[in-house]
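Peer 1: Taking this note's numbering, the leading residue of the sequence shown gets 2, the next gets one more, and so forth. Beta carbons are placed, not taken as given, at the ideal position from N, Cα and C, and that holds for glycine. Note that the structure is a prediction, hence the values are computed from the model and not measured. One structure, as structure tokens, below. Some questions next.
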Amino acid sequence: MRKKKWLNVLVVCTIFLGVLQGVVFAEEIEPNIVAHYTFDSGKEGWTVFGASDSEMTREPYSGNSRDYYLAINNHCDSWVSPMINLYSLIKENGPGTYTAHASVRTSSDKANLEVRMIMRSYKGYSFITNINGNFHAGIGTPTQIYQNEWTDLSGSFKVLPEDIQNETGYFFLCFDYLEDGWGSQFCVDEVIICKLN
2 MRKKKWLNVL VVCTIFLGVL QGVVFAEEIE PNIVAHYTFD SGKEGWTVFG
52 ASDSEMTREP YSGNSRDYYL AINNHCDSWV SPMINLYSLI KENGPGTYTA
102 HASVRTSSDK ANLEVRMIMR SYKGYSFITN INGNFHAGIG TPTQIYQNEW
152 TDLSGSFKVL PEDIQNETGY FFLCFDYLED GWGSQFCVDE VIICKLN
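See the structure below:
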């Protein structure tokens, strides 16, 4: 009986410690949002990455909606996408591990389309490598997207102190996927940048 009682106490303590460790772990990795782009009030500094005939517009979810998203119309080249320079934002918040989250959609009816977030620059950084003169790094894994369905993307990257020592720089967050053609549309919404504690 006494042995069973101590066994029960041991089980309860083990569960409590497990929960406590989970709470501490959650507090250590709890993300702080440093930027949240909804596009409901404007393009918020986003532009088009890539030289192309594609154009970027701000589209409402419905005719009288207050909710908007960005769209690249006539998406003819895989590297053309909405883009934002995160350098000043990251420099302001300091080195560390950042996460990026976004929702994307395409009007393409092509099968097996995959999209990924990309960090591009004009030079190499610790997390951006030179691949045949093209400085870029994938953020997260390529994810399959389906016609007219919103798909969530996420990934992380680690910024070292030497990455943000210069006065100016370029960390272009953009998107990359198979080229479609004239009349196709690539959309992005709810882009959230977090820095992990």
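Around the C-beta of H37, are 16 or more other C-beta atoms found within 10 angstroms, so that it is buried, or is it exposed?
Peer 2: Exposed is the call here.
Peer 1: Would you check whether the ligand FMN has a heavy atom nearer than 7 Å to the C-beta of V189?
Peer 2: Only the bare structure without any ligand can be found here, which leaves the ligand FMN out of the picture.
Peer 1: Based on the DSSP output, what are the partners of V49 in its beta bridges?
Peer 2: P83
Peer 1: How far does the alpha helix (DSSP H) with K92 in it reach, from first residue to last?
Peer 2: Segment 88-94, the alpha helix (DSSP H) holding K92.
Peer 1: Tell me the rounded alpha-carbon separation between S127 and Y62.
Peer 2: 38 Å
Peer 1: Report the option in A101, F50, Y171, S104 whose CA atom is closest to the CA atom of N86.
Peer 2: Y171
Peer 1: Under the three-state reduction of DSSP, which class applies to E180: helix, strand or coil?
Peer 2: Three-state result, E180: coil.
Peer 1: Since E191 and T39 are thought to touch, with beta carbons under 8 Å apart, how far apart are those beta carbons, to the nearest angstrom?
Peer 2: Going by Cβ atoms, the distance from E191 to T39 rounds to 6 Å, so yes, they are a contact pair.
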